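To keep things clear, I will list the structure first and then write my remarks on it.
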Amino acid sequence: MQHPSPARAVLDGLRGHALAVDAALMAPLILTAAVVDGHSGEHLVVTLGLTAPLIWRRAAPVTSAAVVAAFALLEVLALDAFLVGNVAVLFSVYALAAHAPRWAAAGGLVVALLGAGLAGVVFFGDSSGSVFVTTGIMSLLAVVAAVLGLARRTRLAHADTPAPAPPGTSAGRTAPPPPEWDFEVRLAEAVSWLRGHPLVVDAVIAGALALLLVPTGVAMGSDGGLFLSAALVVPLAWRRMAPAASAACVAAAALLEVVLSSQFLPANVAVLVAVYSLAAYAPRWARYAGLVTALFGALLAAVRYGPDTATDLILLVLLAVSAVAAYALGIVRRARLQHLEQLAERARLLEVERENESRLAATTERQRIAREMHDVVAHSLSVIIAQADGGRYAGRSDPQAAVAALETIAGTGRQALTDMRSLLGVLRQDPGSELLPQPDATQIPALVESVRRSGLDVDVSVEGEPRPLPPGPGLAAYRIVQESLTNVLKHSGPASRAAVLVRWEADRLRLVVIDDGRGAAAAGHGRGSGQGIRGMAERAHLHGGRLSAGPRPGGGFEVQAELPYPRGS
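Counting along the sequence shown from 1, when you hit position 374 you're at 374 in UniProt numbering, and nothing is skipped either side.
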């Protein structure tokens, strides 16, 4: 047994004391924040209120985050400085994403984003640029903390999932209970639901942008900042359902901003989102029109808000490059969506092709079964009928002949029953039963002998050196001769003569069956359906051969078949 290392043993022991570990880890942060922010009593109290709850961030993540949020709000309302202790907000967002329920993780991120916007307006509201930059940085840090927390949650879920029992362990052990909250499964379900409801997703995103950008525009003191910011952001709610209409509303709001507002609003980021949406989801004409409109709007904004020519040029380049970048990202998104659609269509076509192949295979198998059933049953019944007729007439004058006919009938019936069981065993595919071997070309002389016992005068000649064949061609050769002799019995009668030639040539097996009776003439009078000849031809063609059957010039019937040897046989 391998013993864990001392370091691993220490870590395993600490995992059971999360509160003590968090207290030790957060103590340096608490002390640092208290020293930096503690130049006044109010600042010290708020800083301690922000950082001290991190001690139970894993033991009680929701309570810890609620206390941090309360002191962060107190800071915004009562203090005039942005404290270093606000880093506790990021730790709280991380802890909620990693250890709290879903509703708490999502709510914590939303509160953090709203708090970032509020803190940016209160503490950095002296200029629009400072508000926009600081709010964006704080929001980005909150999102990064949430993503890291989700990654931590995933890792913990994997660590808690029990490994499969190794071979040889007792099967009677009680399996550990499943985890109450499977992150990966829930995440996949959530993503699937979100993909099916784009309007809901876009409305939530537009609402979040409105909560972040509209207060910023109002705090800048711009004319109509509230109305213009809302008019820019709200149309993004239907950017995928109706991208052209959404972009038109955003463009109209941006034009009103140029005319009415004296300041460039942060909500103009909606223009980039609209350009991206047009490139990704709109028709070609709308994509091109949106890009041209965005570039023209960049020119108007640069002229309107730039204080001098140099600044105008810099602003124009920045806005134009941003618009082109958004358009390029949208094109990439469109290409990816088209690729996914092509993959889905290809998968659908492959599924249809598999279904067609399955139906074709089933049809082919039914035809094969029909041929086998016809060959087995028709041959045996023909022999039985011929022997029964002969025995009925011979029974009055020659009892020994009648007994011989009955023995032939019994033997033929038993052989037919054996063949049927073999065929049914193949169809049943029962791994526990042994399947009887199928007949092949080397058993044609034995077949002729059994037909000869039924009363038909038939000769067989074998030319060339017999060679082993695969089961398919060998069975086909046997069935062709069997069906041909069955037709002789059915249509020519036992008084006819027949001959079978089996010629093993250099590259093929040639079969010839002739008789001197009426051949197929009787079939033309309703005594046959032609199914047997069609079945023989199908067998030959299936293995690359050919078959011909028809009346002989001097009377009787002739069947000729050629079966090429498979490669390697």
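We put the CB at the ideal spot given by N, CA and C, even for glycine.
Note that this is a predicted model, so its numbers are computed, not measured.
What did DSSP end up calling residue i once you bin it into helix, strand or coil?
i: residue 37; result: helix
i: residue 101; result: coil
i: residue 465; result: coil
i: residue 551; result: strand
i: residue 241; result: coil
i: residue 470; result: coil
i: residue 83; result: coil
i: residue 64; result: helix
i: residue 117; result: helix
i: residue 57; result: coil
i: residue 197; result: coil
i: residue 312; result: helix
i: residue 439; result: coil
i: residue 590; result: With the chain represented from 1 up to 569, any question about residue 590 goes unanswered, as that position is not in the structure.
i: residue 22; result: helix
i: residue 590; result: In the structure as shown, the chain begins at 1 and stops at 569. Residue 590 is therefore absent and cannot be evaluated.
i: residue 124; result: coil
i: residue 411; result: helix
i: residue 225; result: helix
Starting from residue i, follow its DSSP beta bridges and name the residues at the other end.
i: residue 514; result: 499, 558
i: residue 283; result: Bridge partners of residue 283: none, in fact.
i: residue 111; result: Residue 111 is not bridged to any residue.
i: residue 458; result: 498
i: residue 546; result: 562
i: residue 304; result: Its beta-bridge partners do not exist; DSSP assigns none.
i: residue 508; result: 564
Under the assumption that residue i contacts residue j (Cβ atoms under 8 Å), give the Cβ distance between them as a whole number of angstroms.
i: residue 458; j: residue 405; result: No, residue 458 and residue 405 are not in contact; Cβ-Cβ is about 17 Å, not under 8 Å.
i: residue 560; j: residue 512; result: 5 Å
i: residue 454; j: residue 383; result: 4 Å
i: residue 258; j: residue 301; result: 6 Å
i: residue 557; j: residue 551; result: 6 Å
i: residue 85; j: residue 33; result: 4 Å
i: residue 276; j: residue 207; result: With 8 Å as the limit, residue 276 and residue 207 do not qualify as a contact, their Cβ atoms being about 18 Å apart.
i: residue 254; j: residue 297; result: 6 Å
i: residue 88; j: residue 50; result: 4 Å
i: residue 229; j: residue 265; result: 6 Å
i: residue 488; j: residue 456; result: 6 Å
i: residue 82; j: residue 119; result: 7 Å
i: residue 504; j: residue 466; result: 6 Å
i: residue 600; j: residue 211; result: There is no way to answer for residue 600, as the model of the chain reaches only from 1 to 569.
Here's the rule: buried if 16 or more other CB atoms are within 10 angstroms of the residue's CB, otherwise exposed. What is residue i?
i: residue 22; result: buried
i: residue 37; result: buried
i: residue 361; result: exposed
i: residue 268; result: buried
i: residue 234; result: buried
i: residue 239; result: buried
i: residue 250; result: buried
i: residue 386; result: buried
i: residue 105; result: buried
i: residue 252; result: exposed
i: residue 441; result: buried
i: residue 520; result: Low local confidence applies: a pLDDT of 43 at residue 520 is under 50, so the model's placement there is unreliable, with the coordinate-based value given in what follows. Label assigned to residue 520: buried.
i: residue 241; result: exposed
i: residue 479; result: buried
i: residue 69; result: buried
Whose C-beta lies closer than 6 Å to the C-beta of residue i among residues of the same chain, with five residues either side of it excluded?
i: residue 370; result: none
i: residue 247; result: 274, 278, 290
i: residue 547; result: 536, 537, 540, 561
i: residue 122; result: 76
i: residue 355; result: none
i: residue 64; result: 53, 56, 57
i: residue 326; result: 272, 275, 276
i: residue 243; result: 277, 278, 281, 282
i: residue 315; result: 302, 306
i: residue 71; result: 46, 49, 50
i: residue 149; result: 94, 97, 98
i: residue 62; result: 100, 104
i: residue 209; result: 233
Leaving out the 5 sequence neighbours to the left and right, which residues in its chain are closer than 7 Å to residue i when beta-carbon positions are compared?
i: residue 152; result: 98
i: residue 563; result: 473, 476, 477, 508, 509, 540, 543, 545
i: residue 58; result: 18, 22, 95, 99
i: residue 74; result: 46
i: residue 319; result: 298, 301, 302
Whose C-beta lies closer than 8 Å to the C-beta of residue i among residues of the same chain, with five residues either side of it excluded?
i: residue 572; result: Residue 572 falls outside the range modelled here, since the chain spans only 1 to 569, and no answer is possible.
i: residue 109; result: 93, 96, 97, 142, 143, 146
i: residue 79; result: 42, 43, 46
i: residue 312; result: 302, 303, 306
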